[in-house]
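Take the position in the sequence shown, starting the count at 1, then add 73; the result is the number in our numbering. Worksheet: one structure, shown below.
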Amino acid sequence: MNDRQHVVFTALQIFAVGLVLWYIFTWKSTPWNAQRDIGTALVMIGAVGIATARYQLGRSFSVTAQARHLVTRGLYSRIRNPIYVFGTILITGVILVLNMPVLWVGLAALVCIQVIRARREARVLEAAFGDEYREYRRKTWL
74 MNDRQHVVFT ALQIFAVGLV LWYIFTWKST PWNAQRDIGT ALVMIGAVGI
124 ATARYQLGRS FSVTAQARHL VTRGLYSRIR NPIYVFGTIL ITGVILVLNM
174 PVLWVGLAAL VCIQVIRARR EARVLEAAFG DEYREYRRKT WL
């Protein structure tokens, strides 16, 4: 991803998170109760986690599996795929806020897709970084 694409993609992600947050705080169909409070907190945690992971990943971020650099600092020192983890947390929060149980099916499908993508990315990184990646994988979660 070149510099321009990186900036545009990041701006679109910031806009999307802002839109989700605006929607959550203006959503009138469900009252503010414990479920909505927890959901809102999860959305905020997810958004901050994704932003932090994206920042720490820097130019190594790509939409397709590529091996530019093995990032092992920050969130990546504990979690191999923090964007997937925090994305799941964010979406879980949205589902709780909207109180639409049918969306849990979509989340389950998304998690399956993320697992497949994570495995594909792991193969690419293992091929590029070998023992260094295997040691990193041994020390981290998901």
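Backbone N, C-alpha and C define an ideal beta-carbon position, used for all residues, glycine too.
Closest residue to residue i among the options (Cα-Cα distance)
i	options	result
M173	W100, V184, I156	W100
F159	L183, P104, F88, R141	L183
R192	A201, F202, Y209, L215	L215
L119	R127, I164, A181	The residue you asked about is not Leu; residue 119 is Gly in the sequence shown. Comparing Cα positions, the closest option is I164.
R151	F88, V80, L176, R211	R211
Exposure label - residue i; buried when at least 16 CB within 10 Å
i	result
G112	buried
G91	exposed
P155	buried
Y96	exposed
N-terminal and C-terminal residue of the alpha helix (DSSP H) that residue i is part of
i	result
W214	No alpha helix (DSSP H) contains W214, which DSSP labels as neither H nor E.
Y157	155-171
I189	176-202
G122	107-130
H79	76-99
The ligand GTP heavy atom lying under 7 Å from the CB of residue i
i	result
I111	As for the ligand GTP, it is missing from this structure, which has no ligand bound.
Supposed contact pair residue j and residue i - C-beta distance, whole angstroms, cut 8 Å
i	j	result
A124	L198	Actually they do not touch by this definition, with Cβ atoms about 23 Å apart.
R132	T83	Not quite, the Cβ-Cβ distance comes to about 11 Å (not below 8 Å), so this is no contact.
L94	V116	7 Å
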